[in-house]
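For reference, the structure discussed in these notes is given below.
Okay, here's the thing in structure tokens:
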């Protein structure tokens, strides 16, 4: 039973992570195309930024380290992201492991599998992940919220502080109301809350007698139906969406690194000949299964037909990936400028996340995914055909 509850809470955190990633990728990727004076834009495997007085900082890579000061906003994404800086505006960060130190004047948005917070924020901080640890030196502004499977809070917060997770340990201070929702909740002896404490938990919350709470303490139980509704709701498809997004990105990574020229031709095909792309996409989408079935009429053709059907999912994924590349290029690279490999991968990530999140929209979402597959599949087929016949994209095919 606890395992199902853990999955429910963790699915919620992952759904929030995807939403935050969409915001981060789209805002971060648009800025390098219209950079202000004093901006720092960097992408690569290992990105290290030491800024004395930058306007905005935008960074993405496998490992990202940012130190110094930005007068306005800081946006970063990567596998390992370490930030020890001052931000005069907002901060948006997504990564597998995220560490935040320093001061953020505006709002802070964090998403990651492991999130460590040791910072001071002037406005609300929103964080989601598998585990979140807030140190004793951290000071969070009003309306801050944390969502994760495991939360350990040792810092200080202002009014209207919300924590949502599976297992939550509150060992910090709050100068206003605190709301905690989780399966297992512990309020330790070091806790100091100058306001009301509201707890919703699957198990009876443990509140140490030494904890100082000046306001009203309210405890309610989360029933089985509460967990079931969350588990069977909009978060049910998050796992599959994550697998699909990761597969599309990995395929796109292979394409961009090894056949970069063909990828650029495919993007040009989508942008210049969308009608031709979808017609060929429809032809392949319906034609390949028909040909596979016809091939299996004979004994010799059975292996060929089976192999063709097994290849169909890869073709559909290829179509989706190509459209993700093309649409993100159209949105964030309107001038059609040539992009370096790192920038192209950032555009790929933006397109994949955008389509995956839109896919959750009832009726419209699945339709957009199908159209994306058809457009990209057609563009890929035409590109391959032109490549093999040494024709240009505009040539009849």
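In this note's numbering, the protein residues as written are 3 to 399.
C-beta atoms are modelled at their ideal positions from N, C-alpha and C, and glycine is treated no differently.
Beta-carbon contacts of residue i that lie in its chain and below 7 Å, excluding the five residues immediately before and after
{"i": "residue 347", "result": "255, 258"}
{"i": "residue 319", "result": "249, 250, 253"}
{"i": "residue 91", "result": "74, 75, 107, 108"}
{"i": "residue 115", "result": "98, 99, 131, 132"}
Distance CB(residue i)-CB(residue j) smaller than 8 Å
{"i": "residue 119", "j": "residue 132", "result": "no"}
{"i": "residue 41", "j": "residue 56", "result": "yes"}
{"i": "residue 326", "j": "residue 357", "result": "yes"}
{"i": "residue 140", "j": "residue 124", "result": "no"}
{"i": "residue 167", "j": "residue 151", "result": "yes"}
{"i": "residue 72", "j": "residue 89", "result": "yes"}
{"i": "residue 378", "j": "residue 370", "result": "no"}
{"i": "residue 161", "j": "residue 149", "result": "no"}
{"i": "residue 121", "j": "residue 95", "result": "no"}
{"i": "residue 334", "j": "residue 309", "result": "no"}
{"i": "residue 104", "j": "residue 87", "result": "yes"}
Chain-order list of residues whose beta-carbon lies under 6 Å from that of residue i (same chain, five-residue window excluded)
{"i": "residue 303", "result": "297"}
{"i": "residue 219", "result": "199"}
{"i": "residue 117", "result": "100, 129, 131, 134"}
{"i": "residue 169", "result": "152, 186"}
{"i": "residue 209", "result": "189"}
{"i": "residue 176", "result": "159, 163, 195"}
{"i": "residue 201", "result": "182, 187, 207, 221"}
Three-way DSSP call (helix, strand, coil) for residue i in this model
{"i": "residue 249", "result": "helix"}
{"i": "residue 69", "result": "strand"}
{"i": "residue 183", "result": "strand"}
{"i": "residue 74", "result": "coil"}
{"i": "residue 329", "result": "helix"}
{"i": "residue 273", "result": "helix"}
{"i": "residue 313", "result": "helix"}
{"i": "residue 206", "result": "coil"}
{"i": "residue 299", "result": "coil"}
{"i": "residue 145", "result": "coil"}
{"i": "residue 218", "result": "coil"}
{"i": "residue 264", "result": "helix"}
{"i": "residue 200", "result": "strand"}
Sequence-distant residues of the same chain with beta carbon closer than 8 Å to residue i, five excluded per side
{"i": "residue 264", "result": "257, 385, 386, 389"}
{"i": "residue 343", "result": "258, 259, 262"}
{"i": "residue 350", "result": "251, 254, 255, 258, 323, 326, 327, 330"}
{"i": "residue 340", "result": "266"}
{"i": "residue 374", "result": "321, 322, 325, 326, 329, 357"}
- Query: Should the stretch 282-289 be regarded as contacting the stretch 203-223, the criterion being three or more beta carbon pairs within less than 8 Å?
  - Reply: no
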